[in-house]
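Peer 1: Below you'll find the structure I mean.
In the numbering used here, the protein residues as written are 1 to 363.
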């Protein structure tokens with residue numbers, strides 16, 4: 001019986017952040033991943049889900065468990081760091097999970113930045129690293145300012161193009177805010193990430209206009225009809241997003257020696273065994289090399305206070321980057337992370353395949 005015929009709608013399934021993290025870590029370990037790597041992925045996915053970045057949160061677990069079992073992901077990578085200068089390092093991800101290599105790389109860049117003031121870390125032989133904001137947030141928690149950059153396989157039209165070329169090519173920036181959550185800017189250079197389209201399809205939602213096109217190149221609001229995304233700026237002003245995407249290619253592919261977008265193996269099949277060899281790039285800055293900490297703290301506080309006090313449209317408020325995420329995080333930390341019915345079913349199937357306990361509901 002359907003809700004339309006009088007049955008009550010199914011209750012929303014929610015799970016605590018701790019339960020989601022534990023389920024991810026257990027599932028990836030059962031799929032064959034080494035424990036430390038599984039923990040890195042679990043940390044990144046749970047952070048994203050708690051912040052409301054559902055496109056890059058726990059929904060990716062089923063995919064990640066698959067690529068461990070099919071051999072695309074090295075289950076026990078031996079991460080290596082090669083110093084190439086006083087403040088530069090190359091991290092070899094050994095074809096493991098991108099989250100694991102990226103946490104390692106940002107830690108290396110943080111260490112160097114404390115010594116030299118500014119540092120850069122390039123990651124080679126990596127894979128999808130999830131939500132880019134996870135890594136600058138790690139630096140912000142240590143009082144450092146940082147950037148994260150990555151490219152991806154072709155999903156996005158170049159400006160005025162008719163075939164996908166660039167990836168969603170995310171960039172993220174975070175800065176510490178004393179006494180409060182950090183400033184966090186995390187974006188794709190397309191109108192939305194491709195995983196957002198998949199997430200909306202799973203939830204039965206329509207896309208906003210001017211986000212995606214179908215196989216004929218016409219705009220569509222149907223997630224399942226989407227053949228490509230539009231760059232940031234849409235049909236009229238997509239040169240801006242396309243330009244930013246090209247910067248991500250230079251930093252993440254050209255400067256790492258890894259394949260650029262058009263040559264990258266697709267995230268979703270048909271080849272599930274060959275490593276994808278993604279590159280990532282991180283920059284970490286110690287603000288105290290430029291301004292005393294007290295002056296930095298005062299400047300950030302004044303800037304954010306003035307920004308949030310700006311006049312807003314009726315029913316709206318001006319927010320700083322990260323404000324929406326921290327609001328969602330507070331709600332989900334208290335009430336649990338919502339898991340869509342189709343995703344819960346996929347989790348239950350995965351749990352059965354791996355002979356582990358299913359994800360429990362929030363108490």
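By construction, the Cβ of each residue, glycine as well, lies at the ideal position given by its N, Cα and C atoms. Owing to the predicted nature of the structure, the values given are computational and were not obtained by experimental measurement.
In chain order, what residues of the same chain lie with their CB nearer than 6 Å to the CB of residue 131, ignoring the 5 residues before and after it?
Peer 2: Translated into the one-based positions of the chain shown, residue 131 becomes position 131. Excluding sequence neighbours, residue 131 sits near 48, 53, 56.
Peer 1: Can you tell me the Cα-Cα spacing of residue 225 and residue 133, whole angstroms?
Peer 2: One-based indexing of the chain shown puts residue 225 at position 225. One-based indexing of the chain shown puts residue 133 at position 133. If I take the Cα positions, the gap works out to 29 Å.
Peer 1: Compute the distance between the beta-carbons of residue 69 and residue 22, then report whether it is under 8 Å.
Peer 2: Walking along the chain shown from the start, residue 69 turns up at place 69. Walking along the chain shown from the start, residue 22 turns up at place 22. No, they are not a contact pair.
Peer 1: List the whole-angstrom C-beta distance separating residue 92 from residue 124, where the pair is believed to meet the contact cut-off of C-beta under 8 Å.
Peer 2: Residue numbering aside, residue 92 sits at position 92 when the chain shown is read from its first letter. Residue numbering aside, residue 124 sits at position 124 when the chain shown is read from its first letter. At roughly 6 Å, the Cβ-Cβ gap stays under 8 Å, so residue 92 and residue 124 are in contact.
Peer 1: Closest to residue 181 by C-alpha separation, out of 193, 301, 19, would be which residue?
Peer 2: What you label residue 181 is simply residue 181 of the chain shown in a count that begins at 1. It is 301 whose Cα lies nearest to the Cα of residue 181.
Peer 1: Less than 8 Å between the C-beta atoms of residue 37 and residue 100, yes or no?
Peer 2: The residue given as residue 37 occupies position 37 in the chain shown. The residue given as residue 100 occupies position 100 in the chain shown. Contact flag set, yes.
Peer 1: Among 195, 122, 264, 213, whose alpha-carbon lies nearest the alpha-carbon of residue 161?
Peer 2: The residue labelled residue 161 in the question sits at position 161 within the chain shown. That would be 213, whose Cα lies nearest to the Cα of residue 161.
Peer 1: Hey, could you find the ends of the beta strand (DSSP E) residue 149 is sitting in?
Peer 2: Locating residue 149 in the chain shown gives position 149, counting from the first residue. Note, residue 149: beta strand (DSSP E), 145 to 150.
Peer 1: On the premise that residue 360 lies in contact with residue 19, defined as a C-beta separation below 8 Å, what is that separation, rounded to the nearest angstrom?
Peer 2: For the purposes of this step, residue 19 is taken as residue 19 along the chain shown, with counting starting at 1. For the purposes of this step, residue 360 is taken as residue 360 along the chain shown, with counting starting at 1. That belief holds up - the Cβ atoms of residue 19 and residue 360 are roughly 5 Å apart, short of 8 Å.
Peer 1: Taking the beta strand (DSSP E) that residue 187 falls in, what are its first and last residues?
Peer 2: Position 187 of the chain shown, counting from 1, holds the residue named residue 187. It spans 180 to 187 - the beta strand (DSSP E) in which residue 187 sits, taken as one unbroken run.
Peer 1: On the criterion of 16 or more Cβ atoms from any shown chain inside 10 Å, does residue 290 qualify as buried, or is it exposed?
Peer 2: On the chain shown, position 290 is the one that residue 290 refers to. Exposed.
Peer 1: If you draw a straight line from the C-alpha of residue 139 to the C-alpha of residue 128, how long is it?
Peer 2: On the chain shown, position 139 is the one that residue 139 refers to. On the chain shown, position 128 is the one that residue 128 refers to. Residue 139 and residue 128: Cα-Cα distance of roughly 20 Å.
Peer 1: Check for me: the alpha helix (DSSP H) holding residue 22 runs from which residue to which?
Peer 2: Sequence index remark: in the chain shown, residue 22 carries index 22 (1-based). Taken as a continuous stretch (DSSP letters only), the alpha helix (DSSP H) holding residue 22 covers 17 to 31.
Peer 1: As a quick exercise: from 339, 118, 156, pick the residue whose alpha carbon is nearest that of residue 15.
Peer 2: Position 15 of the chain shown, counting from 1, holds the residue named residue 15. It is 339.
Peer 1: Do you know how far the Cα of residue 137 is from the Cα of residue 120?
Peer 2: In the chain shown, counting from the first residue as 1, residue 120 sits at position 120. In the chain shown, counting from the first residue as 1, residue 137 sits at position 137. So the alpha carbons of these two residues sit roughly 16 Å apart.
Peer 1: What is the DSSP secondary structure of residue 56, counted as helix, strand or coil?
Peer 2: Reading the chain shown from its first residue, position 56 is the one you call residue 56. In the three-state reduction of the DSSP assignment, residue 56 falls in the helix class.
Peer 1: What's the call for residue 295, buried or exposed, on a 16-neighbour Cβ count within 10 Å?
Peer 2: Position 295 of the chain shown, counted from the first residue, corresponds to residue 295. Exposed.
Peer 1: Quick one: what's residue 230 bridged to in DSSP?
Peer 2: For the purposes of this step, residue 230 is taken as the residue at position 230 of the chain shown. Its beta-bridge partners do not exist; DSSP assigns none.
Peer 1: Tell me which same chain residues have a C-beta within less than 6 Å of the C-beta of residue 282, skipping the five on either side of it?
Peer 2: Numbered from its first residue, the chain shown carries residue 282 at position 282. Cβ within range, chain order: 105, 106, 109, 121, 148.
Peer 1: Alpha helix (DSSP H) containing residue 41: first to last residue?
Peer 2: Numbered from its first residue, the chain shown carries residue 41 at position 41. Counting along the chain, the alpha helix (DSSP H) containing residue 41 begins and ends at 35 to 50.
Peer 1: Ordered along the chain, which non-local residues of its own chain (more than five positions away) have a Cβ less than 6 Å from that of residue 103?
Peer 2: Translated into the one-based positions of the chain shown, residue 103 becomes position 103. Once the five neighbours on either side are set aside, the close Cβ partners of residue 103 are 40.
Peer 1: State the start and end residues of the unbroken beta strand (DSSP E) segment that holds residue 84.
Peer 2: Position 84 of the chain shown, counted from the start, is the residue given in the question as residue 84. Unbroken beta strand (DSSP E) run through residue 84: 80 to 85.
Peer 1: Can residue 261 and residue 165 be called in contact, C-beta distance under 8 Å?
Peer 2: Sequence index remark: in the chain shown, residue 261 carries index 261 (1-based). Sequence index remark: in the chain shown, residue 165 carries index 165 (1-based). In this structure, the beta-carbon distance from residue 261 to residue 165 falls below 8 Å.
Peer 1: Would you call the CB atoms of residue 191 and residue 211 closer than 8 Å?
Peer 2: Position 191 of the chain shown, counting from 1, holds the residue named residue 191. Position 211 of the chain shown, counting from 1, holds the residue named residue 211. Cβ distance < 8 Å, so residue 191 and residue 211 count as in contact.
Peer 1: Can you tell me where the alpha helix (DSSP H) with residue 247 in it begins and where it stops?
Peer 2: Within the chain shown, the letter at position 247 stands for residue 247. Element bounds for residue 247: 239 to 249.
Peer 1: With distances taken from CA atoms, which of 35, 155, 357, 175 is nearest residue 193?
Peer 2: By one-based count along the chain shown, residue 193 stands at place 193. The candidate whose alpha carbon is nearest that of residue 193 is 155.
Peer 1: Pop quiz: residue 308 and residue 319 are said to be a contact at Cβ under 8 Å. What is the actual Cβ separation, rounded to whole angstroms?
Peer 2: The residue given as residue 308 occupies position 308 in the chain shown. The residue given as residue 319 occupies position 319 in the chain shown. Rounded, the Cβ-Cβ distance is 7 Å, consistent with contact.
Peer 1: Kindly indicate which three-state DSSP category residue 269 falls into: helix, strand or coil?
Peer 2: Within the chain shown, numbered from 1, the residue matching residue 269 stands at position 269. Three-state result, residue 269: coil.
Peer 1: Residue 334: buried (16+ other C-beta within 10 angstroms of its C-beta) or exposed?
Peer 2: For this step, residue 334 is matched to residue 334 along the chain shown. Result: exposed.
Peer 1: Measure the Cβ-Cβ separation of residue 145 and residue 287 and say whether it is below 8 Å.
Peer 2: Counting from one through the chain shown, the residue named residue 145 turns up at place 145. Counting from one through the chain shown, the residue named residue 287 turns up at place 287. Cβ distance < 8 Å, so residue 145 and residue 287 count as in contact.
Peer 1: Counting pairs of Cβ atoms below 8 Å between the segment 217 to 237 and the segment 254 to 273, do you hit three or more?
Peer 2: no
Peer 1: Look at residue 337 and residue 112 and say whether their C-beta atoms are less than 8 Å apart.
Peer 2: Position 337 of the chain shown, counted from the first residue, corresponds to residue 337. Position 112 of the chain shown, counted from the first residue, corresponds to residue 112. Their beta carbons are not under 8 Å apart, which means residue 337 does not touch residue 112 by this criterion.
Peer 1: Could you give the first and the last residue of the continuous beta strand (DSSP E) run that contains residue 170?
Peer 2: Translated into the one-based positions of the chain shown, residue 170 becomes position 170. Per DSSP, residue 170 belongs to no beta strand (DSSP E) and is neither H nor E.
Peer 1: Between 304, 341, 25, which lies nearest to residue 179 when the distance is taken from Cα to Cα?
Peer 2: Here residue 179 is taken as the residue at index 179 of the chain shown, counted from 1. Ranking the options by Cα distance to residue 179, first place goes to 304.
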